[in-house]
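Top line first, the protein sequences correspond to chains A and B. Counting in the numbering used here, the first sequence runs from 3 upward without gaps. Counting in the numbering used here, the second sequence runs from 1448 upward without gaps. Ideal Cβ positions, reconstructed from N, Cα and C, are used throughout, including at glycine. A short write-up of the structure that comes next.
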Amino acid sequence: MKFSKTLVLVLSLSLMLVSFAYAGKDLDAVRAKGFLQAGANGSVFGFGMPDAKGVWKGLDVDTARAMAAAIFGDASKVKFTPLTAQQRFTALQSGEIDVLTRNATRTLSRETQLGLNFVAVNYYDGQGFLIAKKLGVKSAKELDGATVCVLPGTTTEQNAADFFRTNKMAWKPVVIENTSELAKTFFAGRCDVLTSDASQLAGTRAIAPNPTDYMILPEIISKEPLAPAVRHGDDQFRDIIDFSVLAMINAEELGITSKNVDEMLKSKNPVIQRFLGVSAGNGKALGLDEKWAYNIIKQVGNYGEVFERNVGVNTKLGLERGLNALWTNGGLMYSPPFK
Amino acid sequence: MKQSLSNSATTAVASPPFWRDEGKRAIFFQIAALLCAGGVSYYLFTNTQANLARQSIATGFSFLNREASFEIGESLISYSASDTYFRALLVGALNTLQVAFFGIILTTILGSLVGIARLSSNWLVSKVATSFIEVMQNIPILLQLFFWYAIFYESFPSPRQALNPVKGVFLCNRGLIFAVPESHPAYTSMGIAFILILVAGWFLNRWGHKRQELTGKPLPALRMTAGAAIILPLLIWFLYGSPTAMSIPELRGFNFSGGLTVSPEFASLLLGLVLYTSAFVAEVVRAGIQSIGRGQIEAAMAIGLKPGQVLQLVIFPQALRVIIPPLTSQMLNLTKNSSLAVAIGYADFVAVTNTTINQTGQAIEGVAMIMVVYLFFSLSTSAFMNWYNKRMALVER
Chain A
3 MKFSKTLVLV
13 LSLSLMLVSF
23 AYAGKDLDAV
33 RAKGFLQAGA
43 NGSVFGFGMP
53 DAKGVWKGLD
63 VDTARAMAAA
73 IFGDASKVKF
83 TPLTAQQRFT
93 ALQSGEIDVL
103 TRNATRTLSR
113 ETQLGLNFVA
123 VNYYDGQGFL
133 IAKKLGVKSA
143 KELDGATVCV
153 LPGTTTEQNA
163 ADFFRTNKMA
173 WKPVVIENTS
183 ELAKTFFAGR
193 CDVLTSDASQ
203 LAGTRAIAPN
213 PTDYMILPEI
223 ISKEPLAPAV
233 RHGDDQFRDI
243 IDFSVLAMIN
253 AEELGITSKN
263 VDEMLKSKNP
273 VIQRFLGVSA
283 GNGKALGLDE
293 KWAYNIIKQV
303 GNYGEVFERN
313 VGVNTKLGLE
323 RGLNALWTNG
333 GLMYSPPFK
Chain B
1448 MKQSLSNSAT
1458 TAVASPPFWR
1468 DEGKRAIFFQ
1478 IAALLCAGGV
1488 SYYLFTNTQA
1498 NLARQSIATG
1508 FSFLNREASF
1518 EIGESLISYS
1528 ASDTYFRALL
1538 VGALNTLQVA
1548 FFGIILTTIL
1558 GSLVGIARLS
1568 SNWLVSKVAT
1578 SFIEVMQNIP
1588 ILLQLFFWYA
1598 IFYESFPSPR
1608 QALNPVKGVF
1618 LCNRGLIFAV
1628 PESHPAYTSM
1638 GIAFILILVA
1648 GWFLNRWGHK
1658 RQELTGKPLP
1668 ALRMTAGAAI
1678 ILPLLIWFLY
1688 GSPTAMSIPE
1698 LRGFNFSGGL
1708 TVSPEFASLL
1718 LGLVLYTSAF
1728 VAEVVRAGIQ
1738 SIGRGQIEAA
1748 MAIGLKPGQV
1758 LQLVIFPQAL
1768 RVIIPPLTSQ
1778 MLNLTKNSSL
1788 AVAIGYADFV
1798 AVTNTTINQT
1808 GQAIEGVAMI
1818 MVVYLFFSLS
1828 TSAFMNWYNK
1838 RMALVER
């Protein structure tokens, strides 16, 4: 008797597994849930990290809010899952999160072997080296024989190996999983240099015991286009995520900010009318409310606002726009037409 | 239930229907359970395969032959970023094996000493051992690892200000670096000779025991072997013209080159694992020794055995029977705990596999390999210990 009960239990459990394995399309699932589940970093200041009150802040976090604003008309309908570099892709593949906004570099193998779709880039980064000034090193080419602190599970590990190989230099990695443990180890002098994306190095330097003792070497050894990602299988959802990012860039190109967006509704410019949904079309094409772009700009802001608020020159990170300026200002941020 | 069973047994003379036959019923349930387990695993396997294919995630082990293109901090075999993933994983497995091997030996020694010390009649010695056990046993191993690692990198100077206690030995936050003899054919021959002598010593010991049983004359086999193990390699060294060239560590640029380096990661992992596990081993040893009746020890002393002989001939053979099974489980714990290395940056198998998983995205294959490798290590350890346990077990005549 006991055995057949166990059998029934096992069978019903496995049937439950079946139903979990074949959930509906991503967009329908998100709508049914009523909120967007986004994977964020959790420990990189300026990109994705909860503040002292537990409110998530950062460039990636605001990007996810823009997506929620587009889908639900409400930027607050997003929940964040903090993920390590190693968990992030598995979390997205398994459906634990709907979208990954966690400074992830778009690469060929991630698009193909991991079954992911990256969308428009929300930060152009590059890998650099942070070093103590007292070592007297002026260039990354002088790092022969150095011990290098590096985070595992990132493109960083491979980039560093490529760089030292190309320049025929010997090195020793110290690979530590936890970002803050790694920084502590570096500041204590276990490694000569710390390598990571330049934006993260700026963040690490900002929390150093004495930030002026450290400098970022001039060489940027890799291209790191950081972009949000979704899994394969729902093209409509992918388009929405993609154009949510692009809408913020487009708004900056058109000079629309969260402050003036209400006045802009009255604009006679047909490009702006189409963008903000005054003349209908874009919303229907994406399967969204016509006000979707308006909601993004009103509730989150355009790309420039988001950048300056989280990582810009007036924040602790103090990053210049650089590559992340609009194409009209010598940067790479460029949006396709919204029509 | 019992009543009806006995009733049917008495009334039905012919064999009962198969659902009443306990033997057949047992077979039926065995088969049903097997089918269930098989069905569930088949379902899980095919479902995973289908889902992976649907999300176009790569599967299979072909990535093992691709170039790893990442560097590993320390390695027992030659390795560079241009080697394959397979070799990278091998490096990781060997690193795990290395820390487990030294860890198990040191833990057994330290644990036995502390366990015996705890039983000491000397108040101070026994209390020191007791506090060591209580402290080490009750602090989570991960915290201990962070603690030892922090001590290494916080309290030792940078390479340029390295401590230099003895000529050729440096201590800094890059580890302990010391001079080793330059490689020379003499050392290989010396190693072979050493091993041969150990083997010969084992046979000598067996022969000695047999002779003692027949004639009563003891043979100091241990001392003879030890003497030969020192003298013969030295003799070979002289025959090769006594090579003295040393690889001496030298500060070049950022780090020392030459010599042998024990990295802070390896040292703190080994230290943490040994201290933590030896506290448990000490308790196992104490329990083993206390399981021997006092009368036996007194009897042994009464027939004139020396204290060393009492320990060797009376206490240990019996205590080991109690000690070995729990000791095996502590050894397995040590091996498995070594996977915490990833927290303090030692390149063990888990750390290397993690990087591999991340670069290839093949988490299922990677995790499966981690399981297989640890299972292999654990099963080999326990197979060896079971063999040893059988040898030590009471032989009933």
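For a contact meaning CB atoms closer than 9 Å, what does residue i contact in chain B?
| i | result |
| --- | --- |
| A:I218 | What A:I218 touches in chain B: nothing, since even the nearest Cβ is about 18 Å away. |
| A:L288 | Those within 9 Å of A:L288 in chain B number zero; the least Cβ separation is about 23 Å. |
Please report whether the beta-carbon of residue i lies at a distance below 8 Å from any beta-carbon of chain B.
| i | result |
| --- | --- |
| A:D2 | No answer is possible for residue 2 of chain A: the residues shown for chain A start at 3 and end at 341. |
| A:G147 | yes |
| A:A68 | no |
| A:Q88 | yes |
| A:V80 | no |
| A:F37 | no |
| A:F5 | Summary for A:F5: the model assigns pLDDT 49, below 50, so the residue's position carries little reliability; its value from the coordinates is reported in the next sentence. Yes - at least one Cβ of chain B is within 8 Å of the one on A:F5. |
| A:D194 | yes |
| A:T187 | yes |
| A:T83 | no |
What number of angstroms, rounded off, separates the C-alpha of residue i from the C-alpha of residue j?
| i | j | result |
| --- | --- | --- |
| B:Y1835 | A:K143 | 56 Å |
| A:T197 | A:D146 | 14 Å |
| B:K1753 | B:G1674 | 23 Å |
| B:Y1526 | B:V1538 | 8 Å |
| A:L334 | B:I1811 | 37 Å |
| B:R1703 | A:K140 | Contrary to the premise, residue 1703 of chain B reads as Phe rather than Arg in this sequence. Computed Cα separation, rounded: 21 Å. |
| B:I1770 | B:V1761 | 15 Å |
| A:V57 | A:F49 | 13 Å |
| B:L1826 | B:T1775 | 11 Å |
| A:A25 | A:R104 | Model confidence at A:A25 stands at a pLDDT of 38, short of 50, so the residue's coordinates are unreliable and nothing is read from them. |
| B:L1536 | A:C193 | 24 Å |
| A:S47 | A:N316 | Looking at the sequence shown, residue 47 of chain A is not Ser but Phe. Spanning the two alpha carbons is a distance of roughly 14 Å. |
| A:V101 | B:S1694 | 55 Å |
| A:N180 | B:I1624 | 27 Å |
| B:T1635 | B:L1707 | 18 Å |
Show which residues of chain A have a CB atom less than 9 Å away from the CB atom of residue i.
| i | result |
| --- | --- |
| B:Q1806 | S111, G155, T157, E159, Q160 |
| B:R1670 | Under the 9 Å cutoff, chain A gives no residues; its nearest Cβ is about 45 Å from B:R1670. |
| B:F1685 | Here the premise fails: no neighbours, minimum Cβ distance about 37 Å. |
| B:N1780 | Those within 9 Å of B:N1780 in chain A number zero; the least Cβ separation is about 22 Å. |
Note down, in chain order, every chain B residue with its Cβ under 8 Å from the Cβ of residue i.
| i | result |
| --- | --- |
| A:W173 | E1518 |
| A:R108 | Those within 8 Å of A:R108 in chain B number zero; the least Cβ separation is about 14 Å. |
| A:G41 | Simply none; closest approach about 15 Å. |
Give a yes or no on whether the minimum CB-CB distance between residue i and chain A is below 8 Å.
| i | result |
| --- | --- |
| B:I1588 | no |
| B:S1825 | no |
| B:Y1723 | no |
| B:Y1600 | yes |
Determine the extent of the alpha helix (DSSP H) in which residue i is found, giving its start and end residues.
| i | result |
| --- | --- |
| B:W1848 | The question about residue 1848 of chain B has no answer, for chain B in this structure spans 1448 to 1844. |
| A:V195 | Looking at the DSSP string, A:V195 is not in any alpha helix (DSSP H); the run it does join, the beta strand (DSSP E), is 195-199. |
| A:D291 | Here A:D291 belongs to no alpha helix (DSSP H), and DSSP marks it neither H nor E. |
| B:S1704 | Here B:S1704 belongs to no alpha helix (DSSP H); instead the beta strand (DSSP E) covers 1702-1704. |
| B:Y1489 | 1469-1501 |
| A:R67 | 61-74 |
Measuring alpha carbon to alpha carbon, tell me which residue in the options is nearest residue i.
| i | options | result |
| --- | --- | --- |
| A:N284 | A:F340, A:E310, A:K300, A:D241 | A:F340 |
| A:G257 | A:S246, A:L278, A:L102 | A:L278 |
| B:N1542 | B:I1524, B:G1558, B:G1808, B:L1557 | B:I1524 |
| A:Q301 | A:I243, A:R67, A:M266 | A:R67 |
| B:L1557 | B:L1822, B:L1758, B:L1491, B:A1726 | B:A1726 |
| B:L1781 | B:F1625, B:A1528, B:I1588, B:E1712 | B:I1588 |
| A:V80 | A:G306, A:A42, A:R112 | A:A42 |
| A:S45 | A:L38, A:L61, A:R33 | A:L61 |
| B:R1653 | B:L1669, B:G1638, B:F1510 | B:L1669 |
| A:R311 | A:T259, A:I218, A:V150 | A:T259 |
How would you list, in chain order, the residues of chain B whose beta-carbon sits under 7 Å from the beta-carbon of residue i?
| i | result |
| --- | --- |
| A:A31 | Under the 7 Å cutoff, chain B gives no residues; its nearest Cβ is about 15 Å from A:A31. |
| A:I99 | Chain B residues near A:I99: none, gap ~14 Å exceeds 7 Å. |
| A:F91 | G1808 |
| A:L116 | I1504, G1808 |
How would you write the range of the beta strand (DSSP E) that residue i sits in, first residue to last?
| i | result |
| --- | --- |
| A:A175 | Here the sequence assigns Pro to residue 175 of chain A, which means Ala is not the residue at that position. Looking at the DSSP string, the run of the beta strand (DSSP E) that includes A:P175 is 173-177. |
| A:M217 | 216-218 |
| B:N1836 | Here B:N1836 belongs to no beta strand (DSSP E); instead the alpha helix (DSSP H) covers 1810-1839. |
| A:T330 | Where A:T330 is concerned, there is no enclosing beta strand (DSSP E), given that its DSSP letter is neither H nor E. |
| A:N119 | 118-120 |
So which residues of chain A does residue i contact, with C-beta pairs closer than 8 Å?
| i | result |
| --- | --- |
| B:N1801 | Q88, P154, G155, E179 |
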